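Residue numbers (the working numbering): 147 to 458.
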């Protein structure tokens, strides 16, 4: 006997998703499995999923193929010592004022690494056996000390680092967000965004848990973006080979964006910029971003999904 409620089954079939009921219809689920499955299905907002899918696919179709390499950027090694020191001081001062927060994108599991747990808990082979989470946490503590030494009169007496658990439903923790973009919706629904705003945070450094070498809340990067009055910023490294499977920062229809490697044809991937002798489409996105909280709040309210086509 099927356990999925009749009304829910009708909604799924009306949305052309009736195939997910095949095991329930065939009575192949245990009562416990069926009840858990029904709860997951009931939590789905089918109308919302259909809306964002249509919006993302139609947006992809509507886009012209005008893709241009990144032209406007600064190379850190070409910047003056004076500029770099100025940006470092700006960043450290903002950190000492409690205006900077770090957000690690760490929802991924370690399945592909043969590890039954979150990527952030994976042992990457260091003699200290420290996890990625511990490395990042220790860097934050060290950075707070550095900022406090530089701007001691402005350092808060007590620094709290909020830790948020996010529920997937009433009895299950969310352990696998819907891609990196899912974190922004989760920030609003979990109350993290409001908490950061209430604490006076103005700037957010967002980075991926995969990058063990990441300079968490890099004060030079933070200071650079503040000095440029940037709403958002992005660190990149230049590709060494055309066939590297990594998205690149570029311009589409005269707007900055990240182009997936699967969206770049062979000619574009191999094109060389005669000014630099490097790959024209070489600015590899390493998931290392800066946002002002003001702009991030607006992004969360008007979040748009992207229809990514990846080579599997």
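Glycine is no exception: its CB is placed at the ideal position from the N, C-alpha and C atoms. Quick caveat, the model's predicted, so the values are computed rather than measured.
Is residue i close to chain C? Criterion is C-beta to C-beta, closer than 8 Å.
{"i": "residue 385", "result": "In the structure shown, chain C does not exist; there is a single protein chain."}
Are the Cβ atoms of residue i and residue j separated by less than 8 Å?
{"i": "residue 353", "j": "residue 251", "result": "yes"}
{"i": "residue 286", "j": "residue 248", "result": "yes"}
{"i": "residue 368", "j": "residue 246", "result": "yes"}
{"i": "residue 155", "j": "residue 196", "result": "no"}
{"i": "residue 371", "j": "residue 244", "result": "no"}
{"i": "residue 382", "j": "residue 395", "result": "yes"}
{"i": "residue 392", "j": "residue 254", "result": "no"}
Measuring alpha carbon to alpha carbon, tell me which of the options ends up nearest residue i.
{"i": "residue 442", "options": "238, 378, 220 and 424", "result": "378"}
{"i": "residue 213", "options": "267, 410 and 372", "result": "410"}
{"i": "residue 380", "options": "292, 176, 260 and 219", "result": "219"}
{"i": "residue 434", "options": "360, 372, 269 and 440", "result": "360"}
{"i": "residue 363", "options": "241, 281 and 224", "result": "241"}
{"i": "residue 215", "options": "400, 266, 408 and 439", "result": "400"}
{"i": "residue 145", "options": "159, 366 and 191", "result": "For residue 145 there is no data in the structure shown, the boundaries of the chain being 147 and 458."}
{"i": "residue 179", "options": "150, 446, 237 and 281", "result": "150"}
{"i": "residue 390", "options": "403, 415 and 375", "result": "415"}
{"i": "residue 444", "options": "254, 331, 418 and 255", "result": "331"}
{"i": "residue 437", "options": "342, 280 and 298", "result": "342"}
{"i": "residue 375", "options": "233, 193 and 167", "result": "233"}
{"i": "residue 237", "options": "296, 168 and 275", "result": "296"}
{"i": "residue 158", "options": "175, 177 and 186", "result": "186"}
{"i": "residue 351", "options": "422, 163 and 282", "result": "282"}
{"i": "residue 328", "options": "224, 446 and 164", "result": "446"}
{"i": "residue 407", "options": "164, 388, 276 and 421", "result": "388"}
{"i": "residue 193", "options": "230, 373 and 163", "result": "163"}
In the DSSP assignment, the alpha helix (DSSP H) including residue i goes from what residue to what residue?
{"i": "residue 287", "result": "278-296"}
{"i": "residue 185", "result": "177-189"}
{"i": "residue 415", "result": "412-416"}
{"i": "residue 367", "result": "365-373"}
{"i": "residue 157", "result": "152-160"}
{"i": "residue 263", "result": "Element bounds for residue 263: n/a, residue is neither H nor E."}
{"i": "residue 237", "result": "227-242"}
Can you say whether residue i is buried or exposed, counting buried as having 16 or more other CB atoms within 10 angstroms of its CB?
{"i": "residue 303", "result": "Per-residue confidence for residue 303 stands at a pLDDT of 48, beneath the threshold of 50, marking its modelled position as unreliable; no derived number is given."}
{"i": "residue 337", "result": "exposed"}
{"i": "residue 431", "result": "buried"}
{"i": "residue 405", "result": "buried"}
{"i": "residue 333", "result": "buried"}
{"i": "residue 418", "result": "exposed"}
{"i": "residue 413", "result": "exposed"}
{"i": "residue 315", "result": "Residue confidence for residue 315 is low, a pLDDT of 45 falling below 50, so the modelled location carries little weight; the figure read from the coordinates is stated next. By the 10 Å Cβ count, residue 315 comes out exposed."}
{"i": "residue 293", "result": "buried"}
{"i": "residue 428", "result": "buried"}
{"i": "residue 188", "result": "exposed"}
{"i": "residue 153", "result": "exposed"}
{"i": "residue 284", "result": "exposed"}
{"i": "residue 239", "result": "buried"}
{"i": "residue 207", "result": "Bear in mind that a pLDDT of 48 at residue 207, under 50, signals an unreliable position, so the number given afterwards is only what the model happens to contain. Classification of residue 207: exposed, given that the 10 Å Cβ count is below 16."}
Roughly how far, in whole angstroms, is the beta-carbon of residue i from the beta-carbon of residue j, given that I think they are within contact range, below 8 Å?
{"i": "residue 397", "j": "residue 425", "result": "That belief does not hold up - the Cβ atoms of residue 397 and residue 425 are roughly 16 Å apart, past 8 Å."}
{"i": "residue 349", "j": "residue 439", "result": "7 Å"}
{"i": "residue 289", "j": "residue 358", "result": "Contact doesn't hold; Cβ gap of about 16 Å is too wide."}
{"i": "residue 175", "j": "residue 183", "result": "6 Å"}
Where does the unbroken beta strand (DSSP E) through residue i begin, and where does it stop?
{"i": "residue 165", "result": "No beta strand (DSSP E) contains residue 165, which DSSP labels as neither H nor E."}
{"i": "residue 337", "result": "Where residue 337 is concerned, there is no enclosing beta strand (DSSP E), given that its DSSP letter is neither H nor E."}
{"i": "residue 275", "result": "Counting along the chain, residue 275 falls outside any beta strand (DSSP E), and DSSP gives it neither H nor E."}
{"i": "residue 350", "result": "349-354"}
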